[in-house]
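Asks: Structure incoming, see below.
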DNA sequence: TTAGGGTTAG
């Protein structure tokens, strides 16, 4: 008994429960099951902690059907469906026969597995009970067996309003609008529940207009009707409509309940403004209303999205054992949103039951924070795991990661996976396919996907146009803009950005200027593109004048373009001007120092190169050691400065030495040139050079066969010497080489490069 | 004890 007392003290907090506890002790002494059952229903009402209710349950020496039923209800009330099923098993083992009260509870909790219970119910002779019958029918309807449900429905001789309503919801569940509507129209009588089912049905189909029409027609709306409409707006991204409907609801004198709060809070999250929710919270606090897990999770999410991670974490910690998978997922996403992948992963690994959203949140977290390799690795782990099956959302992240890496073979693996598993794609799924292919240098496949799409949105066009631009296919990009206008889709700022990039990459100066003039109010990115275009065309003074005319403060990208152009055209004066602005805007960014230093190097100003080096040291700016990636046979190989960890290291350095030799013979490299020099250990932290990409290129040359296309991936700002080296190889060995330099593709063939303007 | 509304990922 002292053991019992200790646990009870731990789990009880209210005085009600302490009173209950006294009764438990009393009654357990006598083993009276009836009293225990009554106490458990008190626990249900008071939302007592599960261990406490279980304690009461265990205190009865001879559990009967009544006791089991009350305990089952307790678990149902907490949505603890696993516990319901376990208790049912326990019940069977004890030899206690379930009755017509037990089956509806268990069937509901069993989910899909409830199908197995149907036979059980028949055998027990409860199939005709109206509650059991309805539960079985709901179960079939809910899990996609609408035909079976309908058969049961038709066989009923005394079907009642509840059965009609269940059948309608069943049709909405599988998106069968026609049958739902037919049933609705043929009903002998309707109640508010029938109407509400129609409102939520249309909301589920994302048809908010029809939902609203039905909502307006509901004769006597209940709070649930209002909630159905509110949630419809909230879940489909109509936050403003939700908030305004909420005020209508208050004016109509309807009392909001917890579901209402949830819809309102989640609308606040998407608006990024906790204001409305906070005033609600104050109200709830004054009335001492206890929040449930839904409200608390919605609040957690809201604070995370409005930038208050500490408050969000507080909600998470306070929820304790009441956390469900949604709570965990919301917290994981909160961390990935701010880039704290370690904490996110920690939670992900710790969470008791991961669902598809948990995996998707973590994979998307990696993909969106530049950890593409980890994203793909986790996706592959998910593909073989048993607890969740990847869906379209998973695919979007995985494809995006492959695209960012430029890993075509991995991308094709993902595509293969999605066809094998028959995952259907929506427009955004197709868009990510286009993104992946175009980022991986295969415009042919990107085009194919684009042409296969039945409906295209502005994102599809923009992805395609940006891809074409990166490949220097300017004319085709213009053709697409023409096509989208014909389809009635208006170009937006991203479209214009893509077009300007296309002009810049294809050297279409006049066309670019026309595009720029056609933009009603150009943004900073448009200016950056234009500076780039002018700069590449050698019109550096014009570029400078354009910057001076800008109506807004130029961002780093604008000066970056100018600096880059100055380096290409060896204009030290403008390069210094741009670099000085960049040192102000981004003092920590080593890139500007490196670019300026390269400019000095290219004009033979070695003293200035040295000066910049000293300056970096003085200001504590360190060149971040970058990684370069090359994909070969579906595996991504990583390289960094001075790297000798790769298994083919010997061969790689052999290729490098060979390149150096050939270039020297051809007169491309003198002893001062640092570019193809092997990197010494102590030089790793130094600024000059792009050594990791050289290793990557050497590896690619090593593994590719003569005549094949090789791809060197990710974040390459290939330097002049590398460029020359690849040109040379493409001529000497007759290879076609495609290199992705940041977001641009360079195709080397027979000693020439596709983007002549650049060099 | 049955039917309608709830939080998370792109």
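Residue numbers (UniProt numbering): 1 to 759. For every residue, glycine included, the Cβ atom is placed at its ideal position computed from N, Cα and C.
Run the CB neighbour count on residue 283, radius 10 Å, all protein chains shown included, and call it buried at 16 or more, exposed below.
Replies: exposed
Asks: Residue 400 and residue 358: beta carbons closer than 9 angstroms?
Replies: No, they are not a contact pair.
Asks: DSSP three-state call for residue 749: helix, strand or coil?
Replies: strand
Asks: At 4 residues or longer, and completely inside the stretch 362-436: list those alpha helix (DSSP H) runs for me, N to C.
Replies: Complete alpha helix (DSSP H) runs here, min 4: 372-384, 392-405 and 408-420.
Asks: Where do the ends of the alpha helix (DSSP H) carrying residue 496 lie?
Replies: Run containing residue 496: 493-506, per the alpha helix (DSSP H) assignment.
Asks: Does residue 646 come out as helix, strand or coil in the three-state DSSP assignment?
Replies: coil
Asks: So what does residue 133 bridge to, in DSSP terms?
Replies: Residue 133 pairs with nothing; no bridge assigned.
Asks: To which residues does DSSP link residue 740 through a beta bridge?
Replies: 745
Asks: If you check the beta carbons only, do residue 535 and residue 565 fall under 9 angstroms apart?
Replies: yes
Asks: Contact between the stretch 552-561 and the stretch 574-587 is defined here as three or more beta-carbon pairs at a separation below 8 angstroms; is this criterion met?
Replies: yes
Asks: Between the stretch 168-177 and the stretch 200-207, can you find at least three pairs of beta-carbon atoms closer than 8 angstroms?
Replies: Three or more beta-carbon pairs separated by less than 8 angstroms link the stretch 200-207 to the stretch 168-177, which places the two stretches in contact.
Asks: Thinking just about the alpha-carbon of each residue, which of 159, 337 and 392 is nearest to the one in residue 130?
Replies: 159
Asks: Please give the ranges of any alpha helix (DSSP H) in the stretch 249-315, keeping only runs that are unbroken, at least 4 residues long and fully inside the region.
Replies: Counting whole runs of 4 or more residues, the stretch 249-315 contains the alpha helix (DSSP H) stretches 258-271, 275-286 and 293-305.
Asks: Go to residue 346, then tell me how far its alpha helix (DSSP H) extends in each direction, as first and last residue.
Replies: Counting along the chain, the alpha helix (DSSP H) containing residue 346 begins and ends at 341-350.
Asks: Could you check whether residue 49 and residue 68 sit closer than 9 angstroms to each other, using their CB atoms as the reference points?
Replies: no
Asks: Give the list of continuous alpha helix (DSSP H) stretches no shorter than 4 residues that lie fully inside the stretch 506-575.
Replies: Taking only runs of at least 4 residues, the alpha helix (DSSP H) segments lying wholly in the stretch 506-575 are 509-518, 524-536, 540-549 and 556-568.
Asks: Thinking just about the alpha-carbon of each residue, which of 38, 345 and 388 is nearest to the one in residue 374?
Replies: 345
Asks: Determine whether the beta carbon atoms of residue 456 and residue 494 lie at a separation below 9 angstroms.
Replies: no
Asks: Taking the alpha-carbon positions, what's the residue 281 to residue 302 distance?
Replies: 12 angstroms
Asks: For residue 113, count neighbouring C-beta atoms within 10 Å of its own C-beta (all shown protein chains included) and say buried if the count is 16 or more, exposed if not.
Replies: exposed
Asks: DSSP three-state label for residue 717, please.
Replies: Note on residue 717: pLDDT 47, under 50, position unreliable in the model; no value is reported.
Asks: For residue 35, which of helix, strand or coil comes out of DSSP?
Replies: helix
Asks: Measure from the alpha carbon of residue 406 to the alpha carbon of each residue in 622, 443 and 488, then state which is nearest.
Replies: 443
Asks: What did DSSP end up calling residue 478 once you bin it into helix, strand or coil?
Replies: helix
Asks: Report yes if the CB atom of residue 432 is closer than 9 angstroms to the CB atom of residue 404, and no otherwise.
Replies: no
Asks: DSSP three-state label for residue 70, please.
Replies: Residue state, collapsed to three classes: helix.
Asks: Taking its Cβ as the centre, do 16 or more other Cβ atoms sit within 10 Å of residue 126, making it buried, or is it exposed?
Replies: Buried, since its Cβ has 16 or more Cβ neighbours within 10 Å.
Asks: By alpha-carbon positions, which one of 75, 354, 65 and 58 ends up nearest to residue 46?
Replies: 75
Asks: Do residue 570 and residue 603 have their C-beta atoms within less than 9 angstroms of each other?
Replies: yes
Asks: Report yes or no: do the stretch 435-449 and the stretch 468-486 share at least 3 C-beta pairs separated by less than 8 angstroms?
Replies: yes
Asks: What would DSSP say about residue 734, mapped onto helix, strand or coil?
Replies: coil
Asks: Let me know the secondary structure DSSP gives residue 96 once reduced to three states.
Replies: coil
Asks: Is the beta carbon of residue 296 closer than 9 angstroms to that of residue 278?
Replies: no
Asks: Output needed for residue 540: all residues of its chain with C-beta closer than 8 angstroms, excluding positions within five of it in sequence on either side, in chain order.
Replies: 534, 562, 565, 566, 569, 571 and 574
Asks: Please confirm whether residue 263 and residue 231 have their CB atoms less than 9 angstroms apart.
Replies: yes
Asks: Looking at C-alpha atoms only, which residue of 136, 355, 584 and 62 is the closest neighbour of residue 163?
Replies: 136
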